[in-house]
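Read through the structure below, which is laid out as C-alpha cells, and then see the notes.
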Amino acid sequence: MEDEWFDTVSSLKKLPPGKMAELGLPQRLQLEIQDRLFGKAPAAAPPKVQAAPEPAIAPTMATAVLPMEWNVLLSKLTEELSESAEIMKCLNILHTVTTNLLTYPTEGKYRKIKLAAPAMSATIGKSASARQFLSKLGFEEKEGELTLSEYNYSWPKLSDALAAVDSAIAQRLRTFACPHSGSQGGVRV
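This note's numbering applies: residue 14 is where the sequence shown begins, and numbers increase by one.
In C-alpha cells, the structure reads:
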C-alpha cells in the first residue's frame, strides 16, 4: 500500500476491480465508495459498452425491479423449499452471488453459475423463485448455466437485491433465535 497513493477521485476511479478488497477495506465501505464515485452505477464495463447497440442494454432498463418485488420472490422461495437448512443455503448463495457482483463487477467468474454444481442443484435448482430472482438481476439461462452479460449489470438493482437478501436472512435468524416469534417454534436440535 505504501507504493500506491489514492489521493484524488480520479485515482480511486482508476482502481482495478477487487483492489479495494485487497487493501483490506470493509465491504460496506467499498460499496459506499463505489456508490459515491459512480453515483449508484459504476463504470464496470470497458468503453466499448457505450458503443454497443441499444438492444444489448435494453434488458436492464426494461426489467426495473421494485424493492418489494425482491421480498415477494424471497418469500416464495421459503415456501418452495421444505427444509430450513435448504432455505438458508439458498439465501446464502443469493447473498454471495449478489455481493460478488457488487464487489467484482468486471470479473467474469462471478457472472456465471453452473446449475449442475451440487450446491446449486440442491438449492437454486429446486426453487423457481430463486432462479427468477437471479433472472431479475439480469442472469440468462443457457446450456445449464446462468450467465450475466456485462451489458446487464445494474448497480442499483444489485444493491436493492442484496438489501432484500440480507433482510430475509436476518428475519430467518430472528425466527430461529426466538422460539415464540415464528411458526418454526425455535431452533430444532
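C-beta atoms are modelled at their ideal positions from N, C-alpha and C, and glycine is treated no differently.
query = In or out: K170 buried (at least 16 other Cβ within 10 Å) or exposed?
reply = Position 157 of the sequence shown, counted from the start, is the residue given in the question as residue 170. With 16 or more Cβ atoms within 10 Å of its Cβ, K170 is classed as buried.
ask   = S167: buried (16+ other C-beta within 10 angstroms of its C-beta) or exposed?
value = The residue you call residue 167 lines up with position 154 of the sequence shown. The residue in question, S167, is buried, as its Cβ has 16 or more Cβ neighbours within 10 Å.
Continuous alpha helix (DSSP H) stretch holding I137: start and end = Indexing the sequence shown from 1 puts residue 137 at position 124. First-last for I137: undefined, no H or E at that position.
ask   = Which whole-angstrom value is the C-beta distance of I126 and E158, which I expect to be below 8 Å?
value = Working through the sequence shown from its first residue, we reach residue 126 at position 113. Working through the sequence shown from its first residue, we reach residue 158 at position 145. Going by Cβ atoms, the distance from I126 to E158 rounds to 6 Å, so yes, they are a contact pair.
Top-ranked residue by Cα proximity to E121, from M81, T91, F152, L87 = In the sequence shown, residue 121 corresponds to position 108, counting from 1. For the record, residue 121 in the displayed sequence is Gly; it is not Glu. Answer by Cα proximity: F152.
key: Best match in Y123, E92, L107 for proximity to L114 [C-alpha to C-alpha]   = Stepping through the sequence shown from its first residue, residue 114 is reached at position 101. Among Y123, E92, L107, the Cα nearest to that of L114 belongs to Y123.
message = I'd like to check one pair, L87 with K139: are the Cβ atoms closer than 8 Å?
response = Residue mapping note: residue 139 aligns to position 126 of the sequence shown, counting from 1. Residue mapping note: residue 87 aligns to position 74 of the sequence shown, counting from 1. At a Cβ-Cβ threshold of 8 Å, K139 and L87 do not count as neighbours.
key: Closest residue to L150 among L161, R49, A130, S134 (Cα-Cα distance)   = If you number the sequence shown from 1, residue 150 lands on position 137. It is L161.
key: Bridge-paired residues (DSSP) for T160   = As a working mapping, residue 160 is identified with position 147 in the sequence shown. Looking at the DSSP output, T160 bridges to K125, E153.
ask   = What whole-angstrom Cβ distance do S142 and L90 have, given they're in contact under 8 Å?
value = Within the sequence shown, residue 142 is the residue found at index 129, counting from 1. Within the sequence shown, residue 90 is the residue found at index 77, counting from 1. Confirmed, about 4 Å.
Candidates L44, A135, L186, D173: closest to E99 by CA position = Locating residue 99 in the sequence shown gives position 86, counting from the first residue. Comparing Cα-Cα distances from E99 to each of L44, A135, L186, D173, the minimum goes to A135.
Cβ shell of Q145 (< 7 Å), same chain only, five flanking positions each side left out = Here residue 145 refers to the residue found at position 132 when the sequence shown is read from its first residue. If we look at Q145 and ignore the five residues flanking it on each side, its Cβ neighbours are L86.
message = Using the three-state DSSP reduction, which class does S167 fall into: helix, strand or coil?
response = Translated into the one-based positions of the sequence shown, residue 167 becomes position 154. Three-state result, S167: coil.
inquiry  = Distance check for P131 and P39, CA to CA, integer angstroms please.
reply    = Translated into positions along the sequence shown, residue 39 becomes position 26. Translated into positions along the sequence shown, residue 131 becomes position 118. If you take the alpha carbons of P39 and P131, they lie about 30 Å apart.
request  = Count the other C-beta atoms from every protein chain shown that fall within 10 angstroms of the C-beta of P118, then say buried if there are 16 or more, exposed otherwise.
outcome  = Along the sequence shown, one-based indexing puts residue 118 at 105. Buried is the call here.
ask   = Can you round the beta-carbon distance between R187 and M101 to whole angstroms, since I take them to be within the 8 Å contact cut?
value = Within the sequence shown, the letter at position 174 stands for residue 187. Within the sequence shown, the letter at position 88 stands for residue 101. At roughly 13 Å, the Cβ-Cβ gap does not stay under 8 Å, so R187 and M101 are not in contact.
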